[in-house]
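**Student:**
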Amino acid sequence: MNIKFNLNYMKLRDKLLLMYVLSVFIPIVVTNVVFYNVTTDNIRSQKTRDAGMALDNLKNDLRVTIDQGVGLSYSMYADPVFNATLTRHFNSQIDYIEAYNSYLKTEFSAQPAQGIRWYQVYTDNPTILSSGYIEQLTDEARNTDWYNQLRSSTAPYPALVYSDQTFSLIQRLDNENTGGIEQLLKIDLNMDLIRQYFLGSGFDGKVYFVDPQGRVRFSNDSGTEWPTEKVLFGDIVFPKDSLRLAASYPGINYLEGWTLQGVMNEEVVLQEVRKSRSMVVWLACINFVLPSLIIAAMSRSLHVRLVRILKHMKKVKTQNFQTIPHEEARDEIGQLTIEFNRMTETIHNLINEVYLADIQKKDLELKQQQAQLHALHSQINPHFLFNTMESIRMRSLIKGEKETAKIIHNMAKMFRRSISWSRNYVTVHEELELIRNFLEIQKYRFGDKLEYSIEAEPAALEQRIPKMVFLPFVENASIHGVESIPGQGIIRLSVTLREDQLIFSLDDNGIGMSPAKLQELREYLEQEAGMGERIGMKNAYSRLKLCYQDRFAFAIHTWEGQGTHIEIALPIDEVKEI
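1 is the number of the first residue of the sequence shown in full-length UniProt numbering; add one for each residue after it.
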């Protein structure tokens, strides 16, 4: 059992409430939700941009600090006297001390930059004494973590390593021929300054300095054991709604592969915005409950009086003409009450005075009209007309008037179909056969003045369409289009399948229409009232709208004095009788 929704079945109070919900409440809620989402997206985007800038600033600060160590490394690496002194074989300790005081002491006397905590030169030259900034490269030093990290790098530029909770730059001093002597420069960076950079970066989240192997080497995340364990950044578990940003050092060879990874908790970022969700919910509740109470109170004054009028109207049905007690009301319902009382009194008077006498007269007249109607039906009985046309056709054949008999036969076939179809839908083949019969009649009328062609794809012939929806357009093309031109009229009709649509195309070389006339026709087809002059086209277009609603397409193009093109596209689907 299909139950159709109908507003007329709803009570007035429910209609007012539904009108409020659809017109006010839902738009307000949707607007608040959209505004909340837009605000959330804007804040998320702004926070992301701010975090990206903070991460870039931290990246630049780290690079400045590291570049201070790289500058010192390159200056010592490129100093030929310094490298030659380190590789020199001293005959005695006095010779080394003299060399140290005359040159090396001056080389190490410069105050290191702020980003450098300490630097140390290591050499395995046995004639050099360990003192100050110079240490012997012993087996113990070679077993350290920073030395092992250096062994994995063969690049000529400094290697950035992390050992003993300190970032260091290790540079091989092999710019000159060392004669087999290994000498290194180890520059320890200022970790207090780096830690200050991380803590004051302004990034609202956790920041991780990750080496090329993916290990966390420094972070402001106190919950990660990165100082003592080799924690891989990929193994750290973050909340699903975390926002991640990354900054790298492209084109910088000594920082190649090092990245800054920033992770922010979206809930923390949007914490203030989330607080407004409860406000949206409370406002939505207030917007719904308060107006609902107001609507219920106002609708009661309407509902009670309408129910009272309805009760008295039902009494009138049983010939109880009791009037509604008068009340002070100036609205439409009050006026309706007054008019109902007046109508009730008038009906009561009419029944008492003239209705009972007049009803017998009306009953007699109705019976006479029914008798006349039955007589008219008998006179225009469709089968009588069909049999008459068959008699005329047979008479024409007897007289040898074959052309006239053919036309009458076509008319009889059209008439037979119109009286025999009990369905609203037919196949394309049946519709085209009806059109062909019509055009043959028109060709009999116009003679050689009319030429037509009908083409249809075989797959389209069995498609079902509403009955006689194409014929009115063909009729209009032949009578209004072709009839008024001086030369030969041509009508071309084609039916094709295009994807999931049935395409009906009609072309003629008739008189066409002006743009103003075409616009008038389009408006006429769309309007609801009246059939007007082109009743056939109007009827066909209205039935197409009734059958397919907005699932069909209708296009008409015309050129004044050149002809008209009509195209109708119908969906191919299961046909339902209406």
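For every residue, glycine included, the Cβ atom is placed at its ideal position computed from N, Cα and C.
Looking at C-alpha atoms only, which residue of Leu450, Asp507 and Gln68 is the closest neighbour of Glu483?
**Tutor:** Walking along the sequence shown from the start, residue 483 turns up at place 483. Of the listed residues, the one whose Cα sits closest to Glu483 is Leu450.
**Student:** State the DSSP-derived secondary structure class of residue 614, mapped to helix, strand or coil.
**Tutor:** Within the shown structure, residues of the chain are numbered from 1 to 578, placing residue 614 beyond reach of any answer.
**Student:** Out of Gly536, Lys545 and Pro515, which has the shortest C-alpha to C-alpha gap to Ile556?
**Tutor:** Taking the sequence shown and counting its residues from 1, the one referred to as residue 556 is at position 556. Considering only alpha carbons, the answer is Pro515.
**Student:** Within 10 angstroms of its Cβ, does Trp118 collect 16 or more other Cβ (buried), or is it exposed?
**Tutor:** Here residue 118 refers to the residue found at position 118 when the sequence shown is read from its first residue. Exposed: under 16 other Cβ atoms inside 10 Å.
**Student:** Given this structure, state the Cα-to-Cα distance separating Val316 from Leu293, to the nearest angstrom.
**Tutor:** One-based indexing of the sequence shown puts residue 316 at position 316. One-based indexing of the sequence shown puts residue 293 at position 293. Cα-Cα distance, rounded: 35 Å.
**Student:** In the DSSP assignment, the beta strand (DSSP E) including Gly262 goes from what residue to what residue?
**Tutor:** Here residue 262 refers to the residue found at position 262 of the sequence shown. It spans Thr259 to Asn265 - the beta strand (DSSP E) in which Gly262 sits, taken as one unbroken run.
**Student:** Less than 8 Å between the C-beta atoms of Thr123 and Leu137, yes or no?
**Tutor:** Position 123 of the sequence shown, counted from the first residue, corresponds to residue 123. Position 137 of the sequence shown, counted from the first residue, corresponds to residue 137. Yes, the Cβ-Cβ distance between Thr123 and Leu137 is below 8 Å.
**Student:** So what's Phe554 in DSSP terms, helix, strand or just coil?
**Tutor:** Counted from its first residue, the sequence shown places residue 554 at position 554. Of the three classes helix, strand and coil, the one that applies to Phe554 here is strand, per DSSP.
**Student:** When DSSP labels each residue in this structure, what does Pro239 get in the three-state scheme?
**Tutor:** Locating residue 239 in the sequence shown gives position 239, where the first residue counts as 1. Coil.
**Student:** Output needed for Met10: all residues of its chain with C-beta closer than 8 Å, excluding positions within five of it in sequence on either side, in chain order.
**Tutor:** Numbered from 1 along the sequence shown, position 10 holds the residue referred to as residue 10. Short of 8 Å from the beta carbon of Met10, and not among the five residues preceding or following it, lie these beta carbons of its own chain, in chain order: Leu18.
**Student:** Can you list, in chain order, the residues of its chain whose CB lies under 8 Å from that of Gly489, leaving out five sequence neighbours each side?
**Tutor:** Here residue 489 refers to the residue found at position 489 when the sequence shown is read from its first residue. These residues qualify, in order along the chain: Phe446, Lys449, Leu450, Glu451, Ser478, Gly481, Val482, Glu483, Asp508, Asn509 and Gly510.
**Student:** Could you tell me the boundaries of the alpha helix (DSSP H) in which Ala459 lies?
**Tutor:** What you label residue 459 is simply residue 459 of the sequence shown in a count that begins at 1. No alpha helix (DSSP H) contains Ala459, which DSSP labels as neither H nor E.
**Student:** Could you give the residue range of the alpha helix (DSSP H) that holds Ile97?
**Tutor:** Along the sequence shown, read from residue 1 onward, the residue named residue 97 stands at position 97. First-last of the alpha helix (DSSP H) with Ile97: Gln93 to Ala99.
**Student:** Assuming Arg540 and Val495 are in contact, meaning their beta carbons sit under 8 Å apart, how far apart are those beta carbons, in whole angstroms?
**Tutor:** Working through the sequence shown from its first residue, we reach residue 540 at position 540. Working through the sequence shown from its first residue, we reach residue 495 at position 495. The amino acid occupying residue 540 in the given sequence is Ala; Arg does not appear at that position. Rounded, the Cβ-Cβ distance is 15 Å, inconsistent with contact.
**Student:** Under a Cβ-count criterion, where at least 16 other Cβ atoms within 10 Å of its own Cβ denotes burial, should Leu310 be classed as buried or exposed?
**Tutor:** Along the sequence shown, one-based indexing puts residue 310 at 310. That one is exposed.
**Student:** Fully enclosed by the segment 139-209, which beta strand (DSSP E) runs are 3 residues long or longer?
**Tutor:** Within the segment 139-209, the complete beta strand (DSSP E) runs of at least 3 residues are 159-163, 166-172 and 183-189.
**Student:** Since I believe Leu525 is in contact with residue 624 (beta carbons under 8 Å), could you give me their beta-carbon distance rounded to a whole number of angstroms?
**Tutor:** The question about residue 624 has no answer here: the residues shown for the chain are numbered 1 through 578.
**Student:** To the nearest whole angstrom, what separates the beta carbons of Leu243 and Leu55, a pair I think is in contact under 8 Å?
**Tutor:** Counting from one through the sequence shown, the residue named residue 243 turns up at place 243. Counting from one through the sequence shown, the residue named residue 55 turns up at place 55. So it is not a contact: roughly 11 Å between Cβ atoms.
**Student:** According to DSSP, is Pro212 helix, strand or coil?
**Tutor:** Position 212 of the sequence shown, counted from the start, is the residue given in the question as residue 212. Of the three classes helix, strand and coil, the one that applies to Pro212 here is coil, per DSSP.
**Student:** Please go through the same chain and pick out, in chain order, the residues whose beta-carbon is closer than 8 Å to the beta-carbon of Glu225, but skip the five residues on each side of it.
**Tutor:** As a first step, residue 225 is located in the sequence shown; it is residue number 225 there, counting from the start. So the qualifying residues of the chain are Val231.
**Student:** By how many angstroms is the C-alpha of Phe90 removed from the C-alpha of Tyr96?
**Tutor:** Residue 96 sits at position 96 when you count from the first residue of the sequence shown. Residue 90 sits at position 90 when you count from the first residue of the sequence shown. So the two alpha carbons sit approximately 6 Å from each other.
**Student:** Can you tell me whether Val469 is buried or exposed, with buried defined as 16 or more other CB within 10 angstroms of its CB?
**Tutor:** Against the sequence shown, residue 469 aligns to sequence position 469. Buried.
**Student:** Would you tell me roughly how many angstroms separate the C-alpha atoms of Gly512 and Gly536, rounded to the nearest one?
**Tutor:** Translated into positions along the sequence shown, residue 512 becomes position 512. Translated into positions along the sequence shown, residue 536 becomes position 536. Near 18 Å, if we compare the C-alpha coordinates of Gly536 and Gly512.
**Student:** Given this structure, state the Cα-to-Cα distance separating Lys59 from Glu267, to the nearest angstrom.
**Tutor:** On the sequence shown, residue 59 is found 59 positions in, with the first residue counted as 1. On the sequence shown, residue 267 is found 267 positions in, with the first residue counted as 1. If I take the Cα positions, the gap works out to 25 Å.
**Student:** Can you have a look at Ser453 and say buried or exposed, based on whether 16 or more other CB atoms are within 10 angstroms of its CB?
**Tutor:** Here residue 453 refers to the residue found at position 453 when the sequence shown is read from its first residue. Label assigned to Ser453: exposed.
**Student:** In the DSSP assignment, find the alpha helix (DSSP H) that holds Phe65 and state where it starts and stops.
**Tutor:** Taking the sequence shown and counting its residues from 1, the one referred to as residue 65 is at position 65. Per the sequence shown, residue 65 should be read as Thr rather than Phe. For Thr65, the uninterrupted alpha helix (DSSP H) segment begins and ends at Ile26 to Tyr77.
**Student:** Just tell me which of Ser222, Phe238, Val207 and Ser153 has its CA closest to the CA of Gln213.
**Tutor:** Counted from its first residue, the sequence shown places residue 213 at position 213. For the residues Ser222, Phe238, Val207 and Ser153, the minimum Cα distance to Gln213 belongs to Ser153.
**Student:** Going by the C-beta, is Tyr157 closer than 7 Å to any heavy atom of the ligand GTP?
**Tutor:** Looking for the ligand GTP in the displayed structure turns up nothing, as the structure carries no ligands at all.
**Student:** In the DSSP output, what is residue 612 paired with across the bridge?
**Tutor:** A query on residue 612 cannot be resolved here, the shown segment of the chain reaching from 1 to 578 and no further.
**Student:** Quick check on this structure: which residue in Gln442, Ile441, Tyr444 and Pro466 has the alpha carbon closest to the alpha carbon of Glu430?
**Tutor:** Residue numbering aside, residue 430 sits at position 430 when the sequence shown is read from its first letter. When each option's Cα is compared against that of Glu430, the closest is Pro466.
**Student:** Distance check for Phe35 and Thr564, CA to CA, integer angstroms please.
**Tutor:** Residue mapping note: residue 564 aligns to position 564 of the sequence shown, counting from 1. Residue mapping note: residue 35 aligns to position 35 of the sequence shown, counting from 1. C-alpha separation (whole angstroms): 51 Å.
**Student:** Assuming Leu193 and Gly71 are in contact, meaning their beta carbons sit under 8 Å apart, how far apart are those beta carbons, in whole angstroms?
**Tutor:** Position 193 of the sequence shown holds residue 193. Position 71 of the sequence shown holds residue 71. Going by Cβ atoms, the distance from Leu193 to Gly71 rounds to 16 Å, so no, they are not a contact pair.
**Student:** Suppose the cutoff is 7 Å on Cβ atoms and the five residues either side in sequence are ignored; what does the same chain contact list for Tyr197 look like?
**Tutor:** For the purposes of this step, residue 197 is taken as the residue at position 197 of the sequence shown. Taken in chain order, the residues that qualify are Leu58, Asp61 and Leu62.
**Student:** Which residues does DSSP pair with Phe218 in a beta bridge?
**Tutor:** Sequence index remark: in the sequence shown, residue 218 carries index 218 (1-based). DSSP output for Phe218 lists Phe209 as bridge partner(s).
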